[in-house]
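Each number in my numbering comes from the position in the sequence shown (counting from 1) with 1010 added on.
Glycine residues also receive a C-beta, built at the ideal position from the N, C-alpha and C atoms.
First the structure, in the form of structure tokens, and then the observations on it.
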Amino acid sequence: MKGFAHVDTWVFDLDNTLYPASCRLFDQIDVKMGNFVSKLLNVDYDEAKRRQKDMFYKYGTTLRGLMTEHGITPDDFLDYVHDIDHSPVPLNRPLDDALHALPGRKLIFTNGTVAHAEKVLARIGITHHFGGIFDIVHSDFIPKPGMEPYKKFVRQMGITPGTSAMFEDIARNLEAPHALGMATVLVVSPGNNDAEHLNKASGGTAQEHIHHVTDDLASFLAGLTRDLKTRS
């Protein structure tokens, strides 16, 4: 199993990775995506949710599906679905401490927006740890799990994949970083229904491109930091 002694750059997904799905923040976005699709396609909410989930599972984001199948422009969609109440995201002092002790550069790579990420990081209390946020706008609206955004992320952020680690809640989103040579960590949490569905559909959590699995990111980071110190 791939370790972390060689890692100098730590890359984190945002939603349902840096905060637990149990706070139900993403549920607000999910509802708003359904409302957007309902109005756009003139269908009732249940049908809109069915179509929205189909697009998410097929394209990686609902936005990409809407752009591909219905030709929408992204700005109105992104502004609408991220106009939510971020207060359910809890302060996480153990994660703050773990990130502080973790040596190396730390970055965010999200299918969301920079503005959304900044609000989430502020709520958790970990903004100061991150040297950059690469979002769906930076990736030209091409989402994970496609290889193209990962390659652009590597170029734009100036990282070396072979000395980097990626943390994600969706297993298929770790295939590309694994192929590029990154260490990979799948972060699971109860109630992360979309991730559970996708992870099961793509082969579960015991796959070659998943090096580690954790249900407690702060404890996992603290443990690997202790291990790195022991080895040094």
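If you reduce the DSSP assignment to three classes, tell me which class residue i lands in.
| i | result |
| --- | --- |
| residue 1222 | strand |
| residue 1132 | helix |
| residue 1048 | helix |
| residue 1031 | helix |
| residue 1234 | helix |
| residue 1088 | helix |
| residue 1203 | helix |
| residue 1039 | helix |
| residue 1083 | coil |
| residue 1229 | helix |
| residue 1072 | helix |
| residue 1138 | helix |
| residue 1125 | helix |
| residue 1208 | helix |
| residue 1216 | coil |
| residue 1239 | helix |
If we ignore side chains and look at the alpha-carbon of each, how far apart do residue i and residue j end up?
| i | j | result |
| --- | --- | --- |
| residue 1198 | residue 1034 | 14 angstroms |
| residue 1201 | residue 1031 | 6 angstroms |
| residue 1213 | residue 1203 | 16 angstroms |
| residue 1168 | residue 1238 | 24 angstroms |
| residue 1144 | residue 1153 | 11 angstroms |
| residue 1229 | residue 1081 | 43 angstroms |
| residue 1231 | residue 1093 | 31 angstroms |
| residue 1126 | residue 1045 | 19 angstroms |
| residue 1057 | residue 1041 | 13 angstroms |
| residue 1139 | residue 1015 | 20 angstroms |
| residue 1038 | residue 1109 | 27 angstroms |
| residue 1147 | residue 1190 | 22 angstroms |
| residue 1188 | residue 1141 | 22 angstroms |
| residue 1114 | residue 1019 | 5 angstroms |
| residue 1022 | residue 1120 | 8 angstroms |
| residue 1047 | residue 1096 | 22 angstroms |
Looking at the secondary structure, which residues open and close the alpha helix (DSSP H) in which residue i lies?
| i | result |
| --- | --- |
| residue 1103 | 1103-1111 |
| residue 1060 | 1055-1069 |
| residue 1188 | 1185-1190 |
| residue 1166 | 1157-1167 |
Which residues does DSSP pair with residue i in a beta bridge?
| i | result |
| --- | --- |
| residue 1174 | 1019 |
| residue 1119 | 1144 |
Which first and last residues belong to the beta strand (DSSP E) in which residue i is found?
| i | result |
| --- | --- |
| residue 1196 | 1193-1197 |
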